[in-house]
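Here this note's numbering is used: the first residue of the sequence shown is 993, the next is one more, and so on. Positions of the beta carbon are idealized from the N, C-alpha and C atoms, including for glycine.
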Amino acid sequence: MSKAGRLVVLVSGSGTNLQALLDASADPAYGARVVAVGADREGIEGLARATRAQVPTFVEKLGDHPTRADWDAAVAARIAAYEPDLVVSAGFMKILGAPTLQAFPVLNTHPALLPSFPGAHGVRDALAHGVKVTGCTVMLADEGIDTGPIVAQEAVPVLPDDDEAVLHERIKTVERRLLVEIVGRMAREGWTVSGRTVRIGNQSGGEST
């Protein structure tokens, strides 16, 4: 059964999910701590949050590498240097390659109830479809687009006057809380994966990741 104590968090923007993890991990009872923050661009608030928390950072820009495969390998090497137990993609806007996904468990979030509305516009697509309930998903990433095994989900109602921005903010509030809860539980209790079923804790069955 896997344990997640050391976290490497990947960001591309403001880093609100990162901040939630930093705040939670300040309590030793949480069971996990952020040991590094990586990004695909410089000058973002996510990196500034890490610096203020005295957490090491690294940046690997896709354009600095001759091929995508070179970037994939460089990102994996930078992550590996911090020996993480779990990698958290927290608003990271690049798809991670096989070198990272095969070496580490990677946790990702999505602002919809997968498998409905995958991709970059989950909130917009849910609104356009006219659903009355949407939500957020925490999953283990694989090489597809929002196709990995689902760890946890929480529903968020769609209100009559919602536009994309208002609904997305309400989903993100739930997403931050759910992500912090799941990372903490994985750190304290471990987890197993059997097929597409992820179990946190000491339930019987499954193969450890």
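Do the CB positions of residue i and residue j come within less than 8 Å of each other?
{"i": "A1042", "j": "V1029", "result": "yes"}
{"i": "A1016", "j": "L999", "result": "no"}
{"i": "F1096", "j": "S1004", "result": "no"}
{"i": "V1080", "j": "L1054", "result": "no"}
{"i": "E1052", "j": "L1093", "result": "no"}
{"i": "T1008", "j": "R1168", "result": "yes"}
{"i": "V1115", "j": "M1131", "result": "no"}
{"i": "L1170", "j": "C1128", "result": "yes"}
{"i": "A1012", "j": "V1172", "result": "yes"}
Taking all protein chains shown into account, decide if residue i is buried (16 or more other Cβ within 10 angstroms of its Cβ) or exposed.
{"i": "A1082", "result": "buried"}
{"i": "T1189", "result": "exposed"}
{"i": "Q1076", "result": "The sequence given here has Pro at residue 1076, not Gln. The residue is buried, with at least 16 neighbouring Cβ atoms inside 10 Å."}
{"i": "D1064", "result": "buried"}
{"i": "L1151", "result": "exposed"}
{"i": "I1071", "result": "buried"}
{"i": "A1112", "result": "exposed"}
{"i": "G1193", "result": "exposed"}
So for residue i, helix, strand or coil by DSSP?
{"i": "A1031", "result": "strand"}
{"i": "H1121", "result": "helix"}
{"i": "N1009", "result": "helix"}
{"i": "E1017", "result": "A small correction: the amino acid at residue 1017 is Ser; Glu does not occupy that position in the sequence shown. Note: S1017 maps to helix in three-state DSSP."}
{"i": "L1099", "result": "strand"}
{"i": "T1129", "result": "strand"}
{"i": "L1002", "result": "strand"}
{"i": "T1043", "result": "helix"}
Any heavy atom of the ligand SAH within a distance shorter than 7 Å of the CB on residue i?
{"i": "D1062", "result": "This structure simply doesn't include the ligand SAH, nor any ligand for that matter."}
Review point. Can we say the stretch 1122 to 1141 touches the stretch 1095 to 1111, given the rule of at least three CB pairs closer than 8 Å?
Key: Yes, the stretch 1122 to 1141 is in contact with the stretch 1095 to 1111.
Exercise for review: Please specify which runs of the alpha helix (DSSP H), each continuous and at least 4 residues long, are wholly inside the stretch 1132 to 1191, giving them in chain order.
Suggested key: Residue ranges of uninterrupted alpha helix (DSSP H) with 4 or more members, entirely inside the stretch 1132 to 1191 and ordered along the chain, are 1156 to 1181.
Practice item. Report yes or no: do the stretch 1178 to 1188 and the stretch 1148 to 1164 share at least 3 C-beta pairs separated by less than 8 Å? Key: Result no; under three Cβ-Cβ pairs closer than 8 Å.
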